[in-house]
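Position 339, counted from 1, in the sequence shown is what UniProt numbering calls 339; the numbers after and before it change by one each time, with no gaps.
Below: the structure, in structure tokens.
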Amino acid sequence: MTDARYDVIFEGKLVDGYELEHVKTQFIELFAIAHDKAIKLFSGHRATLKADVDNRTAENYRQRLAAIGMQVELVARESLNSTAELSLEPLAGEAHAAADGSAMTGAHSAQATTSTGASAEISARINSTAEATAKPATRVSPFRFHGSGREYFGIWIVNILLSIVTLGIYSAWAKVRNKQYFYGNTEIEGSTFEYTANPVRILIGRLIAVGFFILYALAENTSLIWGLIAWGVFMVFMPWAIRQSLRFNARNSRYRNVPFVFVGKTLDAFKVFIAWPILGMLTLGLVFPLAIFKQQQYILSNHQFGTTPFHFHATASDYYRLFGVLLGMLVAGAVLIGILVSIGSGFTIALAVPVWLMLYLSLFAFFSVRMANLKFTYTTLGLHGFDPAWEFGSYLKLITVNTLLTMLTLGIYIPWAKVRTAQYAADHTQAVVEGDLDDFIAAEESNVSALGEGIGDIFDLDVGA
Numbered sequence: 001m002t003d004a005r006y007d008v009i010f011e012g013k014l015v016d017g018y019e020l021e022h023v024k025t026q027f028i029e030l031f032a033i034a035h036d037k038a039i040k041l042f043s044g045h046r047a048t049l050k051a052d053v054d055n056r057t058a059e060n061y062r063q064r065l066a067a068i069g070m071q072v073e074l075v076a077r078e079s080l081n082s083t084a085e086l087s088l089e090p091l092a093g094e095a096h097a098a099a100d101g102s103a104m105t106g107a108h109s110a111q112a113t114t115s116t117g118a119s120a121e122i123s124a125r126i127n128s129t130a131e132a133t134a135k136p137a138t139r140v141s142p143f144r145f146h147g148s149g150r151e152y153f154g155i156w157i158v159n160i161l162l163s164i165v166t167l168g169i170y171s172a173w174a175k176v177r178n179k180q181y182f183y184g185n186t187e188i189e190g191s192t193f194e195y196t197a198n199p200v201r202i203l204i205g206r207l208i209a210v211g212f213f214i215l216y217a218l219a220e221n222t223s224l225i226w227g228l229i230a231w232g233v234f235m236v237f238m239p240w241a242i243r244q245s246l247r248f249n250a251r252n253s254r255y256r257n258v259p260f261v262f263v264g265k266t267l268d269a270f271k272v273f274i275a276w277p278i279l280g281m282l283t284l285g286l287v288f289p290l291a292i293f294k295q296q297q298y299i300l301s302n303h304q305f306g307t308t309p310f311h312f313h314a315t316a317s318d319y320y321r322l323f324g325v326l327l328g329m330l331v332a333g334a335v336l337i338g339i340l341v342s343i344g345s346g347f348t349i350a351l352a353v354p355v356w357l358m359l360y361l362s363l364f365a366f367f368s369v370r371m372a373n374l375k376f377t378y379t380t381l382g383l384h385g386f387d388p389a390w391e392f393g394s395y396l397k398l399i400t401v402n403t404l405l406t407m408l409t410l411g412i413y414i415p416w417a418k419v420r421t422a423q424y425a426a427d428h429t430q431a432v433v434e435g436d437l438d439d440f441i442a443a444e445e446s447n448v449s450a451l452g453e454g455i456g457d458i459f460d461l462d463v464g465a
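This is the structure in structure tokens:
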């Protein structure tokens with residue numbers, strides 16, 4: 001059974017909840033083929049996307065294609081019949097294929113080419129992508145975090161003291177030092193991340209933000225007209241500030257000398273951070289899960305690693321399920337506390353506080369775990385992806401200990417809490433590497449060098465906190 005070989009077959013079926021045009025677009029971007037060529041693939045004809053692979057590789061293809069909405073079937077080689085089908089997997093370059101298997105697939109390809117005309121070109125484009133990524137086996141590469149609470153405490157306490165002495169001016173340098181510490185201690189595939197931001201840029205951005213809010217407060221207290229004008233300007237400023245912060249932090253984040261890039265538009269930021277939340281309030285919260293989904297989609301799908309974009313494949317229904325369970329937990333907790341209060345039995349305010357605290361921590365843990373798993377599970381970078389394993393119980397234990405020790409030490413434990421949280425995230429997240437990661441990064445470094453990174457203008461600022 002372990003030696004069984006499979007073909008990955010696609011018959012035009014989509015995963016429930018996915019739209020054809022969206023899936024088609026994702027597939028075109030993934031395999032870099034022309035739109036008219038993809039039309040033939042999605043016409044409903046039986047197509048072999050990958051032939052003669054082992055169970056693990058076939059299952060990986062199924063999962064990766066399901067992430068973009070394509071429902072494929074894994075067919076054992078011995079169960080294939082001689083019926084003609086559209087083959088997108090010529091095996092001429094496959095040294096491991098048996099002679100009879102190659103002849104069978106070749107016959108299928110020849111018949112399909114005759115009937116579809118242009119299918120041979122589609123086959124060649126998809127085959128070149130598939131072969132390039134299939135040569136090295138798919139592997140899971142864990143993230144590792146090497147920081148320590150004691151080491152980070154020294155950075156943290158100096159940042160606080162200097163920020164106080166300089167009336168907050170040093171906070172820009174503090175932010176850079178914090179990010180550099182956590183980036184520099186996060187490793188994958190033997191390399192760590194870098195944060196290269198100029199603190200002066202962050203300081204200028206914060207001064208702009210402070211100046212704006214001072215003017216906003218003055219205008220709001222001057223008259224109703226000026227207050228409305230200030231509110232309108234604020235509605236424009238906030239999306240711009242969010243977009244600038246995302247752009248700034250992406251540009252200054254690197255892995256193996258390849259920068260991240262954020263390409264989101266200010267208008268789209270206005271829609272997801274202003275318009276959708278307002279609509280959520282007007283609908284008494286019914287649209288809030290959709291608003292959160294839109295925000296996550298905007299942030300993740302507009303990031304790139306070099307020239308390769310990230311894609312976020314989750315759906316709004318995933319977020320409605322999350323918030324549905326969250327609401328159920330909140331109601332159940334409130335009912336339980338109400339019952340305890342009504343019964344009495346010594347249930348005082350002194351006991352109510354820790355009960356409410358545990359309810360809050362439980363809700364926070366559930367929300368954080370589900371959000372992290374959604375984000376990583378449905379995010380891809382080219383053919384690469386992520387495999388998260390965040391768990392409610394272990395994360396609840398983590399934040400409960402962090403919260404209690406931070407309270408008992410009057411905040412001194414914060415550096416250890418941050419390090420433990422980063423350690424948890426690294427230990428429970430893995431990258432699913434499809435193909436040779438070194439070749440992929442080398443290609444991205446070459447692409448970035450060829451295109452040029454551009455020169456940041458005066459508006460390339462971090463206006464966020």
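All C-beta atoms in this analysis are idealised placements derived from N, C-alpha and C, irrespective of residue type, glycine included.
- Burial state of V369 is buried, judged by a 10 Å Cβ sphere holding 16 or more other Cβ atoms.
- Annotation for S43: G12 place their beta carbon closer than 8 Å to its own, counting only its chain and skipping 5 residues before and after.
- Distance from the CA atom of L20 to the CA atom of L326, rounded to whole angstroms, is 31 Å.
- Per DSSP, reduced to three states, the secondary structure at A431 is strand.
- According to the DSSP assignment, G385 belongs to the beta strand (DSSP E) that extends over G385 to P388.
- Looking at R139, K418 and L228, the one whose alpha-carbon comes closest to that of F153 is K418.
- Residues W276, P277 and G280 of the same chain have their beta carbon placed closer than 6 Å to that of A291, with the five preceding and five following residues left out of the count.
- With contacts defined by Cβ atoms closer than 8 Å, V72 and I9 form a contacting pair.
- The alpha helix (DSSP H) runs lying completely inside the segment 171-257 and spanning 4 residues or more are 171-184, 199-222 and 224-251, given in chain order.
- The beta carbon of E187 sits closer than 6 Å to the beta carbons of R144 from its chain, once the five residues preceding and following it are set aside; these are given in chain order.
- The criterion of a C-beta distance shorter than 8 Å is satisfied by G69 and V15.
- F293 sits close to A316, with the two beta carbons spaced by under 8 Å.
- F273 sits close to M238, with the two beta carbons spaced by under 8 Å.
- Relative to the Cα of G147, the nearest Cα in the group Q430, E434, P415 and V433 belongs to P415.
- Contact between L359 and G333 holds, with the beta-carbon distance rounding to 4 Å and staying under 8 Å.
- Between the alpha carbons of V401 and L167 lies a gap of roughly 32 Å.
- Under DSSP, I9 forms a beta bridge with T48 and E73.
- Take the alpha-carbon of W240 and the one of R247: they are about 10 Å apart.
- As DSSP reads the structure, D54 sits in a beta bridge with R5.
- In terms of CA proximity to A4, T57 leads the group H384, I28 and T57.
- Here A230 has L215, Y216, A219 and E220 as same chain residues with Cβ atoms under 8 Å from its own Cβ, once five neighbours each way along the sequence are excluded.
- Minimum Cα-Cα distance from H22 among the listed residues N55, L65, A47 and R46 corresponds to L65.
- Per DSSP, reduced to three states, the secondary structure at L14 is strand.
- By the neighbour-count criterion, in which a residue is buried when 16 or more other Cβ atoms sit within 10 angstroms of its Cβ, W356 is exposed.
- With 16 or more other CB atoms across the displayed protein chains lying within 10 angstroms of its CB, V258 is buried.
- The Cβ neighbour count for F213, taken over all protein chains shown within 10 Å, is under 16; the residue is labelled exposed.
- Under a 10 Å Cβ-count criterion, S223 is classified as exposed, with fewer than 16 other Cβ atoms of the shown protein chains found around its own Cβ.
- Counted as a single uninterrupted DSSP element, the stretch harbouring L286 is not any alpha helix (DSSP H), since DSSP gives it neither H nor E.
- Under the DSSP assignment, F273 falls outside any alpha helix (DSSP H); it carries neither an H nor an E label.
- Closest option to Q180, judged by alpha-carbon separation, among T421, T196, A38 and Q295: T196.
- Judged by their CB atoms, A174 and N185 are not nearer to each other than the 8 Å cut-off.
- Going by DSSP, T403 is part of the alpha helix (DSSP H) stretching over F392 to L408.
- Going by beta carbons, A365 and Y395 fall inside the 8 Å limit.
- Closest by C-alpha distance to W390, out of T421, R77 and R150, is T421.
- In the DSSP assignment, S163 falls outside any beta strand (DSSP E) and lies within the alpha helix (DSSP H) extending over G149 to V165.
- Distance from the CA atom of G385 to the CA atom of A425, rounded to whole angstroms, is 16 Å.
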